[in-house]
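K.L.:
Order-wise, the sequence lines are chains Y and Z.
Using the numbering used here, the letters of the first sequence correspond one by one to residues 1 to 735.
Using the numbering used here, the letters of the second sequence correspond one by one to residues 1 to 699.
Positions of the beta carbon are idealized from the N, C-alpha and C atoms, including for glycine.
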Amino acid sequence: MSTAPATSTAPAALQAAGPLAATETPEKGIRHVVYTLRQLGAAGPLQLRGTSELQGVQFGIRQDEVVVAAQLTLSGAMSPSLIPEFSNVTVTLNEQYIGTLPADAQHTRFADVVMPINPAFFQNNNRLNFRFTGRYTRDCNDPLSGLLWSTIYDNSTLTLTLQRLPPNRDLASLPLPFFDWHERLKLSLPFVLSATASNQTHDAAGIIASWFGKLADYRMATFPVLREPPAEGNAVLIGTPEELPKNIALPAIEGPTLALIANPNDPYGSLLLVSGRSGGDLLAAAVTLALGSQTLGGPAATVSAPEIKPRKPYDAPHWVGTDRPVRFGELVNAAELQRVGYVPEPIRIPFRTSPDLYTWRSLPFTAEIHYNAPPGPILDLATSRLDVSVNNIYLASYPLARIPSLFTRLEQWLGFAAYGNDVRVAVPPYDVFGQNELEFYFDTRPLHRGDCVAIPSPPPVSISPDSTLDLSRAYHIAQLPNLSFFVSSGFPFTRLADLSRTAVVLSDQPSALEERAFLDLMGRFGALTGVSVTGLEVVRAGEAARAADRDLLVISTFRGFQSASELLANSPLQLRGNRLDITLTDQIPALSWIFGDSVAEGQRVAEARLAASGAEMAVILGAESPLRHGRSVVALLAATPEALVDAVTALSDPTQSSLIQGDFVILSGPKPVSYRIGSTYTVGHLPFWIWPSWYFGTSPLTLAGLLVVAVLLITVVAMWTLPRRARARLDPKAQ
Amino acid sequence: MSTAEKKIVSFWDGRKNIRRLRDVSVTLLGAVLLAMVASVPLPPEQQLIFGIGTGLVFLICNRFKSHGITIFLAILSCGISLRYIFWRLTATLNFNTAPEFVFGYALLAAELYAVIVLVLGYVQTVWPLQRKPVPLPEDPATWPTVDVFIPTYNESLDIVRTTVLGAINIDWPRDKLRIHLLDDGKREEFRRFAEACGISYITRKDNKHAKAGNLNNALAQTDGEFIAVFDSDHIPNRAFLQFTLGWMLKDPRIAMVQTPHHFYSPDPFQRNLAAGTRVPPEGNLFYGLIQDGNDFWNASFFCGSCGVLRRSALNEIGGFAAETVTEDCHTMLKLHRRGWKSAYLALPLASGLATERLILHIGQRVRWARGMIQIFRRDNPLFGPGLTLGQRICYLQAMLHFFFGVPRVIFLIAPLFYLLLNQNVFAAPPMAVFAYAAPHIFHAIATNSRLQKHWRHSFWSEIYETVLAFFVARVALVTLLFPKRGKFNVTEKGGTLEYGYFDLSASYPSFIFAVLLGLGVLRGVGQLVFIQNDTMTFHALLMNSIWAGFELLVVLAALAVAREFRQVRSRARVQAQLPTVVYLPHGYVTNGITRDLSQTGAAVAVAQPDLLAVGDVVDVEYTIAGEPLILTAEVKRKEGGEIGVEYLLFVCHLGRRGEGGACDFRSRRCVGGLGCISAGSSVAQPVACCGEHRRLVPP
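Here it is, written out as structure tokens:
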């Protein structure tokens, strides 16, 4: 059943944690994993109801592994009011029967019900479904009755025993085996880098990390950095032959080289070798991998750097552009736009935008939506409706079908009422930020509910993939620093999605953990934009001035940043040894009393917090670059390398990242704390007639003053010219 | 021209150009800044702060009387209204239903009209010229000849007689003053009267083109250098020609000098709505401010009466314009197009009777509206040759004014869309509407109140307009579509009214509006009081209820105007305190002061009322400009120290008691010489009768 409803397809960040247990038996290549339903993608307990009787989870099995044994351990509850012989929950895997949970009025709860699964049922993509059938009376059941329910807990587990297959090392099958689409878990891929890696090696590593990050997308990715190949599993190996570990048999390096070689510590593991005679070769190899991996083949290839077309600002493929209306079909699969059921799971359309969108007068964006639902006889149209919301903010409701009255026909003719089910939804720009989701919630009611007639099978509903979202009204302008932009979208660096206007500043001697933080962040950028960071430049703290005309992204420990601390010149922060200080801005008390000086207040509070923070502290700060007006500096600084990695991880944790804003964030303890301590600057472009709205849109008294000045100017001219003219009027000779 | 002279000239031109450049660039800078301020959106709360700020600027500035400040405040008001309209156009036109669309755009159009008229009005009255009369040459022999035209159609001789007598008594060399009674009514009585007065009587076979045709007919039969026109109920002052012709002689390009129409009787508004209170007459705004403002732009126009025209100018355009029913304004428009100038003297040099009853007033305004819109359609001042920008603006404003009926009706019913039909004609939160509209309305009202404070009280315009709105709206729309329809209707004046009554024919639209608005207010207040509303609905209800309540008040006032109070005296009374001497039949004499005067009697407070009894026949002596005037009268009533007298003989001879001609007032028959009494500006001014002219000194 391909249209099975009620499976959560939301990118589940919570899958971050790996399987509950994964044990490698002495037999090489066998492992046992235990997944909870939540890890497999359930948003919470599966709530089966009379009208939403089919729910489940989707999960994948890696292509280089096969399931040799599996079992399901279920916990949950079922309504005590059900008639046992007519009521149960049936479990299927890929539509193959696995087992049945019977209704039992005496035992509402059930726990640890074990169901073995025939390993042959597994495919690469699997759908584990739970179908609820219930009757609380022998005839005349109301499907909406509250008595019809069952719940499968999300801590129910699926235990798998997996056999790894011998690796097939062919560049043509990249990104396999390093990344498998079917896996829905966070990608963890070690990078092997030399402790003396050059800037270009780091650059190449960043490009490859962002490529994997882009592939992992919502699964997210982390890239632990090692100095030697891992004891088991796969890894990426980057460096010139001199930088690479000595114990590995390298192919001949005669230029930019990409190769798949065996992990010397694990016959099932593969290493992706990115190498070359020089740093330039490394970059060429990395760019080739990022842009043209499809053209590769065989176990090893010597490549030449592909031509890179310069990107235009804001053209990240993961972002909804402002140049044209975007079809929903471009944002999600058509299958995601369909549901079956009276009250199905909402249709969610996630979309990312540049965070610096500004519309004049906050005029709304428009979504032209065409939706489909069965007409009258099935649904009680008077009460059935479609609710639309964006980022969980309710926008509007629409009836599912209309029988146009004469008056409506007139309105249709005048353009006020839509024909059929076309509606135009206004999306306020202040409800749209970097990462967004449009939600469509169909709430339908069957006819004759409660009557003693069969309810028709659940109706299909859908949103047309030709519906559009139009952001073309927006201008790109923003007041920076704004770290919430950085967290949600990597802005301002991702303005050019390949980071060709960005330089990453690393410590003079980055540790493996610092390098990991850098790679994790690049992976995140790849996921945010959908583009590898092929334009990136990496510099060391001591040579930051070389990248003066770029936006600077600093990833470093306090100590490693000493030699570049002048980059903080536009911020009140000062780095003294291994600690940060805030230089309080001089202020005139009376003025701050009148105008309210939130910045000085922020400085005082932040100073106190800094002093109280422990050794495991990290900060993020934003400021205008002291090297070039209009360029930005964002610095992730930490007292220890571990704190730095934690800081980067926090960026992709929704509960923490939502707290990051302002221009200074302290990450110490469970929650980040945000402050605004410095001055702001504006980046972006507006047509000249919008500039006044941007500058004076929040200062009414300045505006009133300007009006008085304008009126005075005209009055002065009037007083110059009118008396002269009046005199001339009374003098016959003057005219 | 020597090189030195050339240098001086070019230097001067250079200065002038630099000055021009400076003026243009500073104005442009101001205008760009103004447009910029208008374009910046603010959230409602901040817009409210903006409005309070500019309101304070107004209140502070308004404490200073300088005309520069007035101009500043007018431009400020333009800026605020521009901001409002910009917001209105960009943020409030998102409608959900067809009725909202239709009503919403209708309301927008009405508001655009109001703002355009507001701004053009500021331009029009930016610098009232306050022209003073110019003295004539010393030697009366050099003064030009003047034809005085008194066109009449169906007015009674009673009314026309006074006008003719007033004209005869204008101080002007006898041989250069020719008075013509132009009777389109072809009445024998009038012919005999003209003969008796020794003036010319002109009539014609058809009545083609009404008043314009009548005047043109007389124009062809006369040859005076100048033509003064008086409607048959406008009695000229003796000084009329001497004060007006000075400008004609000083500037040979002036084609017309206009003076105000002054009314010594109350108009229907004063009489029915504000009996006993001092409210400026309705026409004061036009003659006090607007025509004076027009004069600055060389755009004051002829008003059909109380004006002097130059024959050579009239000949150039083929006489009075006959294409429209407002021949006066159109004649001047044609003259302006030919480069002639006009002048306006804000001195009441003639006075007349106001329209007495509302329905007549409405008829008159409907005619004006029809005529002005005819001109708008057939000879639009925006297009065509010969006019300056200022003239185009002033004429446009004069014509646009008469479209006021349509927007007024829309404003009247606009709150009802929400209160009765639940349609949101303003697609904006009520708070925002308030924040943007309140400063706009405040500045418009307050600035106009400053500009017009001598001429019209605040909010009276609303009443004037509301009374006429429906009728004028109808005629405006019809005329806009069919400009050739409509005929000249003569305004009746000088009637009496034995009983007060309610004139439904003049007020049924107000009646309907009042009922609807009343229902609207009831619904609004009812829902506010009895039903729990969310904030948005509460604000909307409150705002619309207040709006509807205000409109209801205006409509009720308009209804009150239609309640016609009785008017017994056929002669209007003028409040005046004149010292008098009353000669009693038995030879006693007592002093007195008049309370009021009319053409047929007076109320006099006498020093020794005991000497007098009702029925006594007395002689009342007035002293005017140092000369005595004696009238024989009967005491009609006596209350305390005040007696009411009615003249028996219409004596109008200067000199000692007992001398001079007389006419029997009751029989309306001349006994001796010609009788005359002329009401002047604000006091009754009996003037010299049939004597030689005197040279008058302009004020």
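1. Chain Z beta carbons: is any one of them nearer than 8 Å to that of S484 of chain Y?
2. Distance cutoff 8 Å, beta carbons only. Does T9 of chain Y sit that close to anything in chain Z?
3. For Q397 of chain Z, count neighbouring C-beta atoms within 10 Å of its own C-beta (all shown protein chains included) and say buried if the count is 16 or more, exposed if not.
4. Listed in chain order, which residues of the segment 698-716 of chain Y have Cβ atoms closer than 9 Å to some Cβ of chain Z?
5. What residue range is occupied by the uninterrupted beta strand (DSSP E) comprising T502 of chain Y?
6. Please tell me whether N207 of chain Z and G198 of chain Z are closer than 8 Å, where the distance is taken between their beta carbons.
7. So, do the segment 14-29 of chain Z and the segment 676-696 of chain Y have three or more beta carbon pairs nearer to each other than 8 Å?
8. Establish whether the CB of A6 of chain Y and some CB of chain Z are separated by less than 8 Å.
9. What's the gap between the Cα of R668 of chain Z and the Cα of S598 of chain Z?
10. Judging by CA-CA distance, which residue of Y:S679, Y:E515, Y:G292 and Y:R131 is the nearest neighbour of S625 of chain Y?
11. If you follow the beta strand (DSSP E) that Q574 of chain Y is part of, which residue opens it and which one closes it?
12. Counting only beta-carbon separations shorter than 8 Å, does P41 of chain Z have a partner in chain Y?
13. When DSSP labels each residue in this structure, what does K341 of chain Z get in the three-state scheme?
14. From the DSSP secondary-structure annotation, give me the bridge partner or partners of R310 of chain Z.
15. Given that a residue counts as buried once 16 or more other Cβ atoms are within 10 Å of its Cβ, and exposed if not, what is M536 of chain Z?
16. Indicate whether G697 of chain Y and V40 of chain Z have their beta-carbon atoms separated by less than 8 Å.
17. Assign C78 of chain Z to buried or exposed, taking buried as 16 or more other Cβ atoms, counted over all protein chains shown, within 10 Å of its Cβ.
18. Express the C-alpha separation of M522 of chain Y and L496 of chain Y in angstroms, rounding to a whole number.
19. Anything in the segment 324-350 of chain Z with a Cβ closer than 7 Å to a Cβ of chain Y? List those residues in chain order, please.
20. In chain Z, which residues lie with their C-beta within 7 Å of the C-beta of F365 of chain Y?
21. Taking the alpha-carbon of D356 of chain Y as reference, which of Y:L82, Y:L171, Y:S484 and Y:R516 has the nearest alpha-carbon?
22. Run down chain Y in chain order and give the residues with a C-beta less than 7 Å from the C-beta of D251 of chain Z.
23. Taking only the alpha-carbon atoms, compute the straight-line gap between V634 of chain Y and V425 of chain Y and give it to the nearest angstrom.
24. Can you name the residues of chain Z whose CB is closer than 8 Å to the CB of P721 of chain Y?
25. Looking at chain Z, is there any beta carbon in it that lies within less than 8 Å of the beta carbon of R424 of chain Y?
26. So who's on the other strand from P151 of chain Z, going by DSSP bridges?
27. CB-CB under 7 Å to L651 of chain Y, same chain, minus the five flanking residues each way: which ones, in chain order?
28. Can you give me the C-alpha to C-alpha distance between A77 of chain Y and L400 of chain Y, rounded to a whole angstrom?
29. Going straight from the alpha carbon of S194 of chain Y to that of P251 of chain Y, what length do you get?
30. Got a sec: which bits of the segment 46-58 of chain Z sit with their beta carbon under 7 Å from any beta carbon on chain B, in order along the chain?
31. Flag G386 of chain Z as yes if its beta-carbon sits less than 8 Å from any beta-carbon of chain Y, otherwise no.
32. Tell me which same chain residues have a C-beta within less than 6 Å of the C-beta of N294 of chain Z, skipping the five on either side of it?
33. My output table needs one value for N17 of chain Z: the three-state DSSP class, helix, strand or coil.
34. Against N294 of chain Z, what residues of chain Y qualify as contacts under a CB-to-CB distance less than 8 Å, listed in chain order?
35. Please work out which residues of its chain come closer than 6 Å, Cβ to Cβ, to Y749 of chain Z, disregarding the five sequence neighbours upstream and downstream, and give them in chain order.
36. For a test of the three-state rule: what should DSSP assign to Y695 of chain Y, helix, strand or coil?
P.N.:
For this structure:
1. In the first sequence, counting from the first residue as 1, residue 484 of chain Y sits at position 484. So, not an interface residue.
2. Taking the first residue of the first sequence as 1, we reach residue 9 of chain Y at position 9. Caution applies to T9 of chain Y, whose pLDDT of 39 falls short of 50 and renders its modelled position unreliable; the value that the coordinates give is listed next. Judged by the 8 Å Cβ criterion, T9 of chain Y is not in contact with chain Z.
3. Numbered from its first residue, the second sequence carries residue 397 of chain Z at position 397. The C-beta of Q397 of chain Z has 16 or more other C-beta atoms within 10 Å across all chains shown, which makes the residue buried.
4. T698, S699, P700, L701, L703, A704, G705, L706, L707, V708, V709, A710, V711, L712, L713, I714, T715 and V716
5. The sequence position of residue 502 of chain Y within the first sequence is 502, counting from 1. From DSSP, the beta strand (DSSP E) with T502 of chain Y extends over T502 to L506.
6. Indexing the second sequence from 1 puts residue 207 of chain Z at position 207. Indexing the second sequence from 1 puts residue 198 of chain Z at position 198. No, these two residues do not count as a Cβ contact at 8 Å.
7. no
8. On the first sequence, position 6 is the one that residue 6 of chain Y refers to. Note that A6 of chain Y scores a pLDDT of 38, beneath 50, so its modelled location is shaky; the value from the coordinates is reported in the next line. So no, A6 of chain Y is outside the interface.
9. Taking the first residue of the second sequence as position 1, residue 668 of chain Z is located at position 668. Taking the first residue of the second sequence as position 1, residue 598 of chain Z is located at position 598. Reliability fails at R668 of chain Z, whose pLDDT of 31 lies under 50, so the model's placement of it is uncertain and the value that follows must be treated cautiously. For R668 of chain Z and S598 of chain Z, the distance between alpha carbons rounds to 16 Å.
10. The residue given as residue 625 of chain Y occupies position 625 in the first sequence. If we check each option's Cα against that of S625 of chain Y, Y:S679 comes out closest.
11. Along the first sequence, one-based indexing puts residue 574 of chain Y at 574. Residues L573 to R576.
12. Start at 1 with the first residue of the second sequence, and residue 41 of chain Z comes out as number 41. Yes, contact with chain Y.
13. Indexing the second sequence from 1 puts residue 341 of chain Z at position 341. K341 of chain Z falls in the strand class under three-state DSSP.
14. To locate residue 310 of chain Z, count along the second sequence from 1; it is residue 310. Note: R310 of chain Z sits in a beta bridge opposite Z:F226.
15. Position 536 of the second sequence, counted from the start, is the residue given in the question as residue 536 of chain Z. Sixteen is the threshold: since fewer than 16 other Cβ atoms of the shown chains lie within 10 Å of the Cβ of M536 of chain Z, the residue is exposed.
16. By one-based count along the first sequence, residue 697 of chain Y stands at place 697. By one-based count along the second sequence, residue 40 of chain Z stands at place 40. Cβ atoms of G697 of chain Y and V40 of chain Z: closer than 8 Å.
17. Position 78 of the second sequence, counting from 1, holds the residue named residue 78 of chain Z. So C78 of chain Z counts as buried.
18. For the purposes of this step, residue 496 of chain Y is taken as residue 496 along the first sequence, with counting starting at 1. For the purposes of this step, residue 522 of chain Y is taken as residue 522 along the first sequence, with counting starting at 1. So the alpha carbons of these two residues sit roughly 14 Å apart.
19. none
20. Stepping through the first sequence from its first residue, residue 365 of chain Y is reached at position 365. By Cβ distance, chain Z contributes nothing, its closest Cβ being about 14 Å from F365 of chain Y, past 7 Å.
21. Walking along the first sequence from the start, residue 356 of chain Y turns up at place 356. Of Y:L82, Y:L171, Y:S484 and Y:R516, the residue nearest in Cα terms is Y:S484.
22. Sequence index remark: in the second sequence, residue 251 of chain Z carries index 251 (1-based). What D251 of chain Z touches in chain Y: P732.
23. Reading the first sequence from its first residue, position 634 is the one you call residue 634 of chain Y. Reading the first sequence from its first residue, position 425 is the one you call residue 425 of chain Y. If I take the Cα positions, the gap works out to 37 Å.
24. Working through the first sequence from its first residue, we reach residue 721 of chain Y at position 721. According to the sequence provided, residue 721 of chain Y is Thr. The question's Pro does not apply to it. Under the 8 Å cutoff, chain Z gives D23.
25. Taking the first residue of the first sequence as 1, we reach residue 424 of chain Y at position 424. False, the Cβ-Cβ gap to chain Z never drops below 8 Å.
26. Here residue 151 of chain Z is taken as the residue at index 151 of the second sequence, counted from 1. DSSP lists Z:L182 as partners of P151 of chain Z.
27. One-based indexing of the first sequence puts residue 651 of chain Y at position 651. V487, R524 and S657, listed in sequence order.
28. Stepping through the first sequence from its first residue, residue 77 of chain Y is reached at position 77. Stepping through the first sequence from its first residue, residue 400 of chain Y is reached at position 400. Approximately 34 Å between the Cα atoms of the pair.
29. To locate residue 194 of chain Y, count along the first sequence from 1; it is residue 194. To locate residue 251 of chain Y, count along the first sequence from 1; it is residue 251. Across the structure, S194 of chain Y and P251 of chain Y are spaced so that their CA atoms are roughly 18 Å apart.
30. Note that chain B does not occur in the displayed structure, where the protein chains are Y and Z.
31. Numbered from its first residue, the second sequence carries residue 386 of chain Z at position 386. For G386 of chain Z, the answer is no, since every Cβ of chain Y falls outside 8 Å of its Cβ.
32. Position 294 of the second sequence, counted from the start, is the residue given in the question as residue 294 of chain Z. Excluding positions up to five away in sequence, the list reads S300 and C394.
33. What you label residue 17 of chain Z is simply residue 17 of the second sequence in a count that begins at 1. Note: N17 of chain Z maps to helix in three-state DSSP.
34. Numbered from 1 along the second sequence, position 294 holds the residue referred to as residue 294 of chain Z. Here the premise fails: no neighbours, minimum Cβ distance about 11 Å.
35. Residue 749 of chain Z lies beyond the stretch modelled for chain Z, which goes from 1 to 699, so this question has no answer here.
36. Within the first sequence, the letter at position 695 stands for residue 695 of chain Y. Looking at Y695 of chain Y - three-state DSSP - the assignment turns out to be helix.
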